[in-house]
Structure formats: C-alpha cells, structure tokens
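In UniProt numbering, the protein residues as written are 1 to 372.
Glycine is no exception: its CB is placed at the ideal position from the N, C-alpha and C atoms.
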C-alpha cells in the first residue's frame with residue numbers, strides 16, 4: 001500500500017458514528033456507533049484496505065464513546081444505557097463496571113470514557129454530572145463534577161474535563177485513584193443515591209478560552225496542555241501550568257465562503273469543529289469539522305501544516321495510531337444540523353476512512369527546527 005493514501009473501510013456501521021480508536025499496538029481499530037454495535041477492525045497489510053472488519057459486538061443501546069484498555073483485547077464503552085462496560089474483543093464478553101445515574105433529569109447517558117495505561121484506571125463521565133473512576137482491583141468511586149461534561153481527556157498524571165458554562169476541571173489522576181481505592185465500592189455494586197457521590201476538589205479549575213459550547217478536548221502528548229474546539233469554528237490551545245497562561249491562544253478554522261442565493265453576496269458559513277487528534281510522534285494535531293474538512297496544525301508555530309480535500313459529510317471523530325502512520329476518520333451527516341429527522345438521514349454518507357500518512361506529512365515547522 002502506498003503512503004499518503006486514503007482507504008475506505010468496506011464494512012462500516014449502519015448508523016451515526018461516535019468514536020474511532022486505535023489499539024496500543026496499532027494492530028486494531030474500534031469504531032462505536034448509534035447502531036448499538038462496537039466494530040472491531042484488524043490490521044491487514046495485504047488487503048485492499050489496511051484495516052478489515054474482524055467482528056462487531058452488539059450492545060443493548062447506542063454507544064457514545066469507546067477506548068482501548070491495557071491491551072488490544074480489552075475495550076471500554078459507554079452509551080445511552082448509562083453503563084460503563086468492559087468488553088473482551090476476542091470472546092465478545094461484556095461486563096458492566098458501573099452505571100451512571102439513571103434518574104438524572106439532564107439526560108440519561110454516559111458520554112465519555114478514557115483509560116490510563118500508567119495507573120490502570122478507567123474514567124467515565126455522564127450528562128448527569130458525575131465521573132466514575134475504576135481501579136484494577138475492582139474498587140471505584142462516583143465523583144460529582146462541577147458542570148455537565150462535554151469532553152474528557154487524560155495525560156500521564158492529569159484528567160481534564162470540559163463542561164457547561166465554559167468550565168474546565170483538571171484532576172490529579174493519583175488523587176482520583178486514591179479516592180476510588182478508599183471509597184469501599186466495588187465494580188458491579190448496585191449503588192444509588194446522592195450519598196454515594198463523592199466531592200473531590202479539582203487540582204485546577206479554569207474558564208475555557210472559547211466562548212461557545214465545546215465539542216472536543218484532547219491533551220498534548222507531552223502532557224503540558226491541551227487543544228479544545230467549539231461549535232463556533234474555533235480551536236483553543238491552553239497550557240496546564242498557570243505560569244504559561246499568557247501562551248494560551250485561539251484561532252478560527254473550518255469556515256467556508258458561500259454565495260447567498262437570495263442576495264448573491266458571499267457569506268462566511270461557520271462550522272463546528274467536532275474532532276481533534278494529536279499525532280504522538282510530531283506533537284501536531286488534526287481538526288475535523290462540520291464542513292467535512294480535515295486540517296493539520298502545528299501548535300508551537302501556530303500555523304496550518306496542510307488541509308485535505310473535503311469529504312462527503314461532517315467529520316465526527318478522529319484518531320491517530322501510536323506510530324503516527326494512520327489517521328482514522330469517522331464521517332457522519334448528523335453534525336451538519338442540530339437535530340436531523342430519522343427519515344432525512346443519508347446513511348450512504350456514514351463512512352470510516354483510514355488515511356496512511358507519508359513520512360513527515362504531519363510534521364510541523366517547529367518540529368523541523370527542533371530536529372535540526
């Protein structure tokens with residue numbers, strides 16, 4: 001297969017896509033969907049596409065997020081049924097680790113999940129405003145978040161949650177682990193009620209540099225900060241060290257100039273930036289927007305590296321393989337309008353692409369200077 005090529009995964013989900021994730025080794029890819037299935041693809045270098053479908057694992061409700069665990073055989077999922085699930089990708093066995101508040105008035109769903117390789121922790125959030133932290137020995141804690149969560153990302157030592165009202169809460173992962181170990185609750189326990197939800201002070205709280213609702217947040221590979229995106233066609237780059245607050249910046253992107261059919265004048269159409277992904281090798285990042293465009297950016301030089309051809313629908317999710325060789329792209333039509341009707345959904349536009357990058361394709365100008 002040639003580098004700098006794009007491959008369409010032949011067997012893709014039948015409904016809206018929520019996440020794409022590469023395994024730690026890069027040999028597997030999982031895709032979660034509203035069709036209630038977790039799709040497992042395996043690396044097939046001799047096939048027409050670098051990744052082919054191995055199996056799909058049905059859940060009882062639409063899946064809103066997924067991630068890999070300690071190895072290529074373990075995954076975690078969350079979704080509309082409020083459950084946090086551990087999934088064995090080889091045997092298809094599912095285990096419910098915990099269930100978020102099913103009585104919440106502000107939407108019944110667990111929306112994000114991440115796994116910490118360093119501390120062997122599973123962290124999930126839900127629209128009810130809670131975060132669950134699971135440890136390797138089965139203990140877990142239910143923690144109250146300051147605001148309804150929209151995005152979740154972790155570093156080796158921090159957990160960053162972006163929520164409503166532009167609030168960002170940063171937690172110390174070791175403190176979260178200690179809280180879970182001391183909680184007395186075990187995975188699978190049927191616990192409920194406000195008394196079981198713990199109050200944990202964040203390591204840091206801040207206001208987002210973006211003025212509108214956040215769509216995604218992803219931490220930098222070096223753990224120094226994060227990139228965040230909003231519905232208003234903007235991306236912000238922020239640093240966790242308070243001493244670097246002046247280095248925070250934001251920029252416009254994913255905007256298209258179109259001609260108004262009524263006036264004949266050019267108008268700027270602003271699209272949401274739905275997805276972010278950092279390249280682990282170069283430290284640059286990709287953005288995916290409601291305009292169907294993917295762009296690569298250098299956070300240090302504050303420049304766009306390149307922009308790819310527009311795809312047939314909105315970019316719903318992105319993920320780089322650990323070696324930076326592949327970029328997985330989830331394309332769904334649902335982000336182009338606020339609430340599409342079921343009968344208007346064009347399922348032919350729901351696709352998963354794998355972009356194979358040429359050497360240095362995602363390398364920024366700042367990276368070149370550092371390498372010199």
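Buried or exposed (CB count within 10 angstroms, at least 16 for buried), residue i
i, result
"residue 137", "exposed"
"residue 77", "buried"
"residue 241", "exposed"
"residue 324", "buried"
"residue 21", "buried"
"residue 248", "exposed"
"residue 337", "Residue confidence for residue 337 is low, a pLDDT of 46 falling below 50, so the modelled location carries little weight and cannot support an answer."
"residue 251", "exposed"
"residue 177", "buried"
"residue 84", "buried"
"residue 227", "buried"
"residue 361", "buried"
"residue 264", "exposed"
"residue 158", "buried"
"residue 13", "buried"
"residue 96", "exposed"
"residue 352", "buried"
"residue 306", "exposed"
"residue 223", "exposed"
"residue 28", "buried"
"residue 149", "buried"
For residue i: DSSP bridge partner residues
i, result
"residue 93", "DSSP output for residue 93 lists no bridge partner at all."
"residue 162", "151, 168"
"residue 57", "38"
"residue 296", "286, 306"
"residue 323", "Looking at the DSSP assignment, residue 323 forms no beta bridge with any residue, so it has no partner."
"residue 112", "125"
"residue 88", "74"
"residue 268", "257"
"residue 231", "Beta-bridge pairing links residue 231 to no other residue."
"residue 196", "Its beta-bridge partners do not exist; DSSP assigns none."
"residue 130", "144"
"residue 186", "139"
For residue i, the first and last residue of its enclosing alpha helix (DSSP H)
i, result
"residue 176", "173-182"
Nearest-angstrom beta carbon gap, residue j and residue i [assumed within contact, 8 Å]
i, j, result
"residue 18", "residue 32", "5 Å"
"residue 64", "residue 4", "Residue 64 to residue 4, Cβ: 32 Å. No contact."
"residue 291", "residue 256", "5 Å"
"residue 57", "residue 11", "Going by Cβ atoms, the distance from residue 57 to residue 11 rounds to 14 Å, so no, they are not a contact pair."
"residue 321", "residue 364", "No, residue 321 and residue 364 are not in contact; Cβ-Cβ is about 18 Å, not under 8 Å."
"residue 354", "residue 39", "With a Cβ gap of about 13 Å, residue 354 and residue 39 do not count as contacting."
"residue 126", "residue 180", "At roughly 16 Å, the Cβ-Cβ gap does not stay under 8 Å, so residue 126 and residue 180 are not in contact."
"residue 155", "residue 219", "5 Å"
"residue 312", "residue 50", "Not confirmed; about 21 Å, so no contact."
"residue 185", "residue 139", "7 Å"
N- and C-terminal bounds of the beta strand (DSSP E) containing residue i
i, result
"residue 306", "303-307"
"residue 217", "214-219"
"residue 354", "351-356"
"residue 17", "17-22"
"residue 143", "139-144"
"residue 9", "From DSSP, residue 9 is part of no beta strand (DSSP E); its letter is neither H nor E."
"residue 204", "204-207"
Beta-carbon contacts of residue i that lie in its chain and below 7 Å, excluding the five residues immediately before and after
i, result
"residue 231", "212, 213, 215, 272"
"residue 81", "60, 61"
"residue 73", "88, 89, 90"
Same chain, Cβ closer than 6 Å to residue i, five either side skipped, listed in chain order
i, result
"residue 389", "What the structure shows of the chain is the stretch from 1 to 372, and residue 389 is not part of that stretch, so it cannot be assessed."
"residue 225", "238, 239, 240"
"residue 275", "216, 288, 315, 317, 318"
"residue 168", "162, 206, 208"
"residue 143", "131, 198, 200"
"residue 119", "173, 177"
"residue 151", "162, 214, 216, 217"
"residue 236", "209, 210, 228, 250"
"residue 37", "56, 58"
"residue 279", "320, 324, 362"
Close Cβ partners of residue i (< 8 Å) along its chain, the five nearest in sequence each way excluded
i, result
"residue 266", "257, 258, 259, 260"
"residue 69", "75, 76, 86, 115, 122"
"residue 254", "233, 270, 271, 272, 273, 287, 289, 290, 291, 293, 295"
Any non-hydrogen atom of the ligand GTP closer than 8 Å to residue i Cβ
i, result
"residue 139", "With respect to small molecules bound, the structure shown includes none, and the ligand GTP cannot be examined in it."
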